Structures are given as C-alpha cells and as structure tokens.
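Colleague: Sharing a structure below in structure tokens format, with a few things to ask.
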Amino acid sequence: SDNTMLFPLLVLVLFTLFVGILGIPFNQEGTDLDILSKWLAPSINLLHQKSKDSADWYEFFKDAIFSVSIAYFGIFLASFLYKPIYSSFKNFDLINLIVKTGPKRRYWDKIINVLYDWSYNRAYIDAFYTTFFTGAIRRVAQLTHFFDRRVIDGIT
1 SDNTMLFPLL VLVLFTLFVG ILGIPFNQEG TDLDILSKWL APSINLLHQK SKDSADWYEF
61 FKDAIFSVSI AYFGIFLASF LYKPIYSSFK NFDLINLIVK TGPKRRYWDK IINVLYDWSY
121 NRAYIDAFYT TFFTGAIRRV AQLTHFFDRR VIDGIT
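Using UniProt numbering, the final residue of the sequence shown is 156, and nothing's skipped along the way.
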C-alpha cells in the first residue's frame, strides 16, 4: 500500500503492542519481571481444575454476556439490513411473519429504514461532532480573534 497509510498504521501497531505495559506494576524483587506471564495468568488459571471460586466465574460470565449480546444484536441487525433478496431463510416462520404485507409491514419498513439510516451514517457521530465540538471551537476562536483585534490591539 501507499506510504501515507503505511506509516500511521505502523505507529498504531507500535502503540497497540505496548499498551499492555501501562498500568502493570513492575515487581522489583528478584528477577520476576515477566509481564506477559503476569498478564496471562488470570486467563490461564480461569479454566484450571482447582479454580472453583464461583465469584470469578460470575464476573467472567457477567462481562462476557454483555459484550457477546451486543455482538449478537449487531449481527441480527445486519442480517435484516443487508440480507440478500433471495435467501433460503425465507421458509422460517419469523421471516414469513415479517415479510407479510399490510400496515404492520409499512410500520416495520419505517423502523428498518430508520435503523438502516442510523447505521449507514454511523449513528450520526460526524454530525454531532461537527455541531458541538467543531462549532464550539470555531466560536471560541472567533471570540478570541475579536478580543485580540478590538481589545488588545485597540489599547496599543
């Protein structure tokens, strides 16, 4: 690829590789400075036969269920928004229930279009960013420019 994309990606790779060092206290006692084994120890010991602590499993499943449910919701939403026109899944009752025409279908199409537009426009993050952050910075810059030209330069 082009060097304009290669160099920023290499910088991101370097920061990504070494971000794990942050927040890990270095044990200065002896030669026990193996950061990778300290980092992987909780995940290795999680499935060990001797670990029967239910609190660890509860925390693990609580964190895993939340993140996996978000991923499944995204997959489910994408399957409805980006599905092919001719699919072998048309025989399922859920799909046939949604495909039926009528006022429910029109309402469902409106919901799908809103979700599609929201997803296509990346949840309107760019518009929000432009309105609030860029607009606010421009207003502050105009205010400081006015203050500099009228007040500071007006005094001298």
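Think of the CB as a built atom: it goes at the ideal place given N, C-alpha and C, for glycine as much as any other residue. Since this is a predicted model, take the numbers as computed values, not measurements.
With a Cβ-Cβ cutoff of 8 Å, do L143 and L115 count as a contact?
Modeller: no
Colleague: Find out if the Cβ-Cβ distance for the pair I111, L81 is shorter than 8 Å.
Modeller: no
Colleague: What is the DSSP secondary structure of L33, reduced to helix, strand or coil?
Modeller: Per-residue confidence for L33 stands at a pLDDT of 48, beneath the threshold of 50, marking its modelled position as unreliable; the derived number appears in the next sentence. Three-state DSSP puts L33 in coil, outside helix and strand.
Colleague: Give me the Cα-Cα distance between K104 and D117, rounded to the nearest whole angstrom.
Modeller: Near 20 Å, if we compare the C-alpha coordinates of D117 and K104.
Colleague: Within the continuous alpha helix (DSSP H) that includes Y124, where are the two ends?
Modeller: Unbroken run through Y124: none, as it is neither H nor E.
Colleague: Please go through the same chain and pick out, in chain order, the residues whose beta-carbon is closer than 7 Å to the beta-carbon of D148, but skip the five residues on each side of it.
Modeller: Apart from the 5 residues on each side of it in sequence, D148 has no Cβ closer than 7 Å to any other Cβ in its chain.
Colleague: For Y129, which of helix, strand or coil comes out of DSSP?
Modeller: helix
Colleague: Can you give the Cα-Cα distance for D126 and P8, rounded to whole angstroms?
Modeller: 22 Å
Colleague: In this structure, how does DSSP classify D2 when only helix, strand and coil are distinguished?
Modeller: coil
Colleague: Taking only the alpha-carbon atoms, compute the straight-line gap between F15 and R139 and give it to the nearest angstrom.
Modeller: 34 Å
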